[in-house]
Amino acid sequence: MRCFRAARRVPGHAPPDAAKPATLSTSGCGTTPRRPNPTPVTSASLASTPERIPVTATAGIEELDALRVAVRRLCEKYGHDYYLRTSAESGNAREFWEELGDLGALGVAIPEEYGGGGQGIEALAVVAEEIAACGLPLMLIALSPAVCATMLIDFGSDEQRASWLPGLADGSRVLAFAITEPDAGSNAHNISTRAVFEDGDWIITGQKYYVSHVDNADAMVVIANAAGGPDNLPPGPKAFLVPTDAPNLSRTPIPVEIISPERQYSLFFDAVRVPADAIVGGEHGLRVLFTGLNPERILSAALLNGIARYAIEKAADYARTRIVWSEPIGTHQAIAHPLARAETRLAAARLLTLEAARAVDRGETGGVAAAMAKVEASETASYALDVAIQTHGGNGMAREYGLATLSGLVRLFRIAPVSTEMLLNHIAHRALRLPRSY
Numbered sequence: 004m005r006c007f008r009a010a011r012r013v014p015g016h017a018p019p020d021a022a023k024p025a026t027l028s029t030s031g032c033g034t035t036p037r038r039p040n041p042t043p044v045t046s047a048s049l050a051s052t053p054e055r056i057p058v059t060a061t062a063g064i065e066e067l068d069a070l071r072v073a074v075r076r077l078c079e080k081y082g083h084d085y086y087l088r089t090s091a092e093s094g095n096a097r098e099f100w101e102e103l104g105d106l107g108a109l110g111v112a113i114p115e116e117y118g119g120g121g122q123g124i125e126a127l128a129v130v131a132e133e134i135a136a137c138g139l140p141l142m143l144i145a146l147s148p149a150v151c152a153t154m155l156i157d158f159g160s161d162e163q164r165a166s167w168l169p170g171l172a173d174g175s176r177v178l179a180f181a182i183t184e185p186d187a188g189s190n191a192h193n194i195s196t197r198a199v200f201e202d203g204d205w206i207i208t209g210q211k212y213y214v215s216h217v218d219n220a221d222a223m224v225v226i227a228n229a230a231g232g233p234d235n236l237p238p239g240p241k242a243f244l245v246p247t248d249a250p251n252l253s254r255t256p257i258p259v260e261i262i263s264p265e266r267q268y269s270l271f272f273d274a275v276r277v278p279a280d281a282i283v284g285g286e287h288g289l290r291v292l293f294t295g296l297n298p299e300r301i302l303s304a305a306l307l308n309g310i311a312r313y314a315i316e317k318a319a320d321y322a323r324t325r326i327v328w329s330e331p332i333g334t335h336q337a338i339a340h341p342l343a344r345a346e347t348r349l350a351a352a353r354l355l356t357l358e359a360a361r362a363v364d365r366g367e368t369g370g371v372a373a374a375m376a377k378v379e380a381s382e383t384a385s386y387a388l389d390v391a392i393q394t395h396g397g398n399g400m401a402r403e404y405g406l407a408t409l410s411g412l413v414r415l416f417r418i419a420p421v422s423t424e425m426l427l428n429h430i431a432h433r434a435l436r437l438p439r440s441y
């Protein structure tokens, strides 16, 4: 497995290469990162070379550039057709996932001592954006190597880390995440699934709803109310590692109008027994849960930024080459201005996402930044995809153009993993100090 590594970050100290700019291309699959052009700028070069807002990394510039290029090259082997095929047939993009692991891309946020790259959430966001920009927006990247791995890194026991992190880093093992219930969505405090300690084991009873990719996961992190146990824990939500093939655990698929290799399931825990050491973080309770939620929002934003890049690039290419009345349709402001606005909004969304990732990597909670990034990225991706479809006219609805196939997924991200409205509530309360409304 190839590992991408960067120098360790020390808060308040800029690394030696911090002043060097790295331009992260907003183009689609198959191009290289854009660097400042040393040749003289002419009207001809301005007409032929896209000029985009650079996103400057604070550390490990060369490593992040190498990571971006390597992921893009791998994605060229697959593309959106592979995404559609696995969505329709197997519901499993395991081959692509394992190649990402072999490349070292899945483990970039996992510590080096567990086989990862030790670069942090910023690097994982680069991976998420690149795969989505190639038409491969796997939601799993926001779960297994982000939410679940972060919980284990921060709160897992030595045994849990040694057992799970190397496999999460190389893609050979997958963790799902189960928190939502029929009567507990945004109000996670209302979960009713419970774990009772009995005869040396935890007995889990309850139901989970909208659990992604559990059919292809080895285990899942389940959030359940618990108290007592060997450490006499106070009552409240706790995290448990539960094998997906555990006795008395059943699942039912949820039919959804989303084209994605990741299926959605309802889970039923009928006195599912797990050992005492299956609990993650023990007395830390809700802190274990919340430590994974901001990375999930950041990775969701990165995926959405990649989808927006994918849509804008397709639409811009179409607008340059589609000839109507003897000239490209991109000549007309009715086509050009919406695309320009989408590109502008994308630049803002990417910068917000980068700042949120850096905040988490600095050891901050990054809650407001992550919320802002997710809000802006979801709205930008929705706008960019709609503009791209409109630019294509009737062709925008044809499957071969690979745009309308992402409509359901992009719409989902305005609801999940947390709705835009709840994020705006959080921003209003935390950033503007307005009265709490939830």
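So the sequence shown is residues 4 to 441, counted in our numbering.
We put the CB at the ideal spot given by N, CA and C, even for glycine.
{"Check": "C-beta contact flag for residue 352 and residue 308 at 8 Å", "Outcome": "yes"}
{"Check": "Straight-line Cα distance separating residue 242 from residue 292", "Outcome": "7 Å"}
{"Check": "Touching by the beta-carbon criterion (3+ pairs, under 8 Å), the region 144 to 153 and the region 172 to 181", "Outcome": "yes"}
{"Check": "Distance between residue 341 and residue 417 (C-alpha atoms, nearest Å)", "Outcome": "21 Å"}
{"Check": "Contact between the region 106 to 114 and the region 267 to 283 (3+ Cβ pairs under 8 Å)", "Outcome": "no"}
{"Check": "Same chain only: Cβ atoms within 8 Å of residue 197, ignoring 5 sequence neighbours per side", "Outcome": "207, 208, 209, 227, 228, 229"}
{"Check": "Inter-residue CB distance, residue 268 and residue 261 (contact presumed, cutoff 8 Å)", "Outcome": "At roughly 13 Å, the Cβ-Cβ gap does not stay under 8 Å, so residue 268 and residue 261 are not in contact."}
{"Check": "N- and C-terminal bounds of the beta strand (DSSP E) containing residue 223", "Outcome": "222 to 231"}
{"Check": "Three-state secondary structure assigned by DSSP to residue 414", "Outcome": "helix"}
{"Check": "Counted within 10 angstroms of its Cβ, other Cβ atoms place residue 378 as buried (16 or more) or exposed", "Outcome": "buried"}
{"Check": "Per DSSP, cross-strand counterpart(s) of residue 254", "Outcome": "270"}
{"Check": "Alpha-carbon spacing of residue 424 relative to residue 410, whole angstroms", "Outcome": "20 Å"}
{"Check": "Where residue 213 falls: helix, strand or coil (DSSP)", "Outcome": "strand"}
{"Check": "Cβ contact check for the region 124 to 133 and the region 85 to 97: 3 or more pairs under 8 Å", "Outcome": "no"}
{"Check": "Residue range of the unbroken alpha helix (DSSP H) whose run includes residue 96", "Outcome": "Premise fails: residue 96 is in no alpha helix (DSSP H) and is neither H nor E."}
{"Check": "For residue 145 and residue 302, believed in contact at Cβ under 8 Å, the rounded distance", "Outcome": "4 Å"}
{"Check": "Simplified DSSP state of residue 304, which is helix, strand or coil", "Outcome": "helix"}
{"Check": "Span separating the alpha-carbon of residue 289 from that of residue 319", "Outcome": "45 Å"}
{"Check": "Complete runs of the alpha helix (DSSP H) confined to the region 309 to 376 [at least 4 residues]", "Outcome": "336 to 364"}
{"Check": "Three or more C-beta pairs below 8 Å linking the region 367 to 383 and the region 430 to 437", "Outcome": "yes"}
{"Check": "Cβ shell of residue 304 (< 6 Å), same chain only, five flanking positions each side left out", "Outcome": "356, 376, 377, 380"}
{"Check": "Reduced DSSP secondary structure (H/G/I, E/B, other) of residue 430", "Outcome": "helix"}
{"Check": "Buried/exposed call for residue 326, threshold 16 Cβ in 10 Å", "Outcome": "exposed"}
{"Check": "8 Å Cβ shell around residue 273 - same chain, five flanking residues per side excluded", "Outcome": "208, 251, 252, 253"}
{"Check": "Start and end residues, beta strand (DSSP E) containing residue 164", "Outcome": "Careful: residue 164 lies outside any beta strand (DSSP E), inside the alpha helix (DSSP H) at 161 to 173."}
{"Check": "Buried/exposed call for residue 396, threshold 16 Cβ in 10 Å", "Outcome": "exposed"}
{"Check": "From 270, 215, 185, 233, residue whose alpha carbon lies closest to that of residue 202", "Outcome": "233"}
{"Check": "Distance CB(residue 102)-CB(residue 77) smaller than 8 Å", "Outcome": "yes"}
{"Check": "Alpha-carbon spacing of residue 249 relative to residue 275, whole angstroms", "Outcome": "7 Å"}
{"Check": "Coarse secondary structure for residue 133, derived from DSSP in three states", "Outcome": "helix"}
{"Check": "Straight-line Cα distance separating residue 401 from residue 426", "Outcome": "34 Å"}
{"Check": "Buried versus exposed call for residue 311 [16 or more other C-beta atoms within 10 Å across all chains shown]", "Outcome": "buried"}
{"Check": "Between the CA atoms of residue 259 and residue 265 - distance to the nearest angstrom", "Outcome": "11 Å"}
{"Check": "Outcome for residue 80 when other beta-carbon atoms lying within 10 angstroms are tallied against a minimum of 16", "Outcome": "exposed"}
{"Check": "Limits of the beta strand (DSSP E) - the one that residue 198 falls within", "Outcome": "197 to 201"}
{"Check": "Contact under 8 Å by Cβ, residue 214 with residue 270", "Outcome": "yes"}
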